[in-house]
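K.L.:
Here it is, the structure in full.
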């Protein structure tokens, strides 16, 4: 991660500040108490790191949503990652990767870029296949999210919400990836997103539909996984992408 922790202060503070920012990225909106508890920091220490991240524009505060009747007192304040904070996690070699893919496209054509993307995700399929091969659809999508998170994509999974016509009546699952280290590259080369989505469809053996991507300017890459009465044909994929920001609208693998 670059930039986070670059501000002045004790050298030991920089790595911890980066851990705080990454935890907010992975967890989503989080209270100071949650962050301090996860990192084993005192209230004073976590607030010092949060104040520094706020000053650098890497995080911002929001009022936590409340459900049902809330007791007296102020509503809880949560911390969320900003666009600048997300950019701080981006890969340092975006320009090199973009130039290499641009050269490939110019010399061998756009089909070569698509083939490159498919070959890159073939390793993902090989490694993830054992983890997602057993259980019902929900447990398999959860296993895929855990595998993606282990590779640094801060993924989560759960039942798909109803999103104005996108989700079919039979429901389904939703896979979110909260971090994409190659979003800028994928913005120019959507073949990367397409190859990843195709891999998800083959791994889960059911139609999947990409609803949003960080590369298209959404906050999270979101994939809807269709729940069907019988296992869908492996490799069945639907990949429309919108710029609509949904309540849970996650990464790309190259």
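In my numbering, the protein residues as written are 242 to 495.
Think of the CB as a built atom: it goes at the ideal place given N, C-alpha and C, for glycine as much as any other residue.
Can you tell me which of the three DSSP states residue 395 falls into?
P.N.:
It is coil, neither helix nor strand.
K.L.:
Look up residue 400 in the DSSP assignment and give the residues it is bridged to.
P.N.:
Its beta-bridge partners are 414.
K.L.:
Kindly list the residues whose CB is nearer than 6 Å to the CB of residue 382, restricted to its own chain and excluding five residues on each side of it in sequence; keep chain order.
P.N.:
Excluding residues within five positions, the ones whose Cβ falls inside 6 Å are 398, 414, 416 and 466.
K.L.:
Under 8 Å, do residue 420 and residue 266 count as touching if we go by C-beta distance?
P.N.:
Taking 8 Å as the Cβ cut-off, residue 420 and residue 266 qualify as a contacting pair.
K.L.:
How is the beta strand (DSSP E) around residue 301 delimited, first residue to last?
P.N.:
First-last of the beta strand (DSSP E) with residue 301: 300-304.
K.L.:
Might you give, ordered along the chain, the residues of its own chain that have their beta carbon closer than 8 Å to the beta carbon of residue 260, omitting 5 neighbours on each side?
P.N.:
Contacts found: 280.
K.L.:
Could you work out which residue in 451, 436 and 423 is closest to residue 327 when comparing CA atoms only?
P.N.:
Answer by Cα proximity: 423.
K.L.:
Between the region 427-447 and the region 389-396, are three or more C-beta pairs nearer than 8 Å?
P.N.:
Too few Cβ pairs lie closer than 8 Å, so no.
K.L.:
Distance, Cα to Cα, residue 319 vs residue 298?
P.N.:
Distance between the alpha carbons of residue 319 and residue 298 is about 15 Å.
K.L.:
If distances are taken between C-alpha atoms only, which option among 445, 434 and 469 comes closest to residue 455?
P.N.:
The shortest C-alpha separation from residue 455 is found at 434.
K.L.:
Counting C-beta neighbours from all protein chains within 10 Å, is the total for residue 262 16 or more, i.e. buried, or is it exposed?
P.N.:
It counts as buried.
K.L.:
Assuming residue 401 and residue 412 are in contact, meaning their beta carbons sit under 8 Å apart, how far apart are those beta carbons, in whole angstroms?
P.N.:
Right, the Cβ-Cβ distance comes to about 6 Å (below 8 Å), so this counts as a contact.
K.L.:
Hey, how far is the Cα of residue 349 from the Cα of residue 430?
P.N.:
Whole-angstrom Cα-Cα distance: 15 Å.
K.L.:
I'd like to know whether the C-beta atoms of residue 387 and residue 443 end up nearer to each other than 8 Å.
P.N.:
Cβ distance not < 8 Å, so residue 387 and residue 443 don't count as in contact.
K.L.:
Going by DSSP, what residue range makes up the alpha helix (DSSP H) through residue 436?
P.N.:
That run of the alpha helix (DSSP H) goes 432-445.
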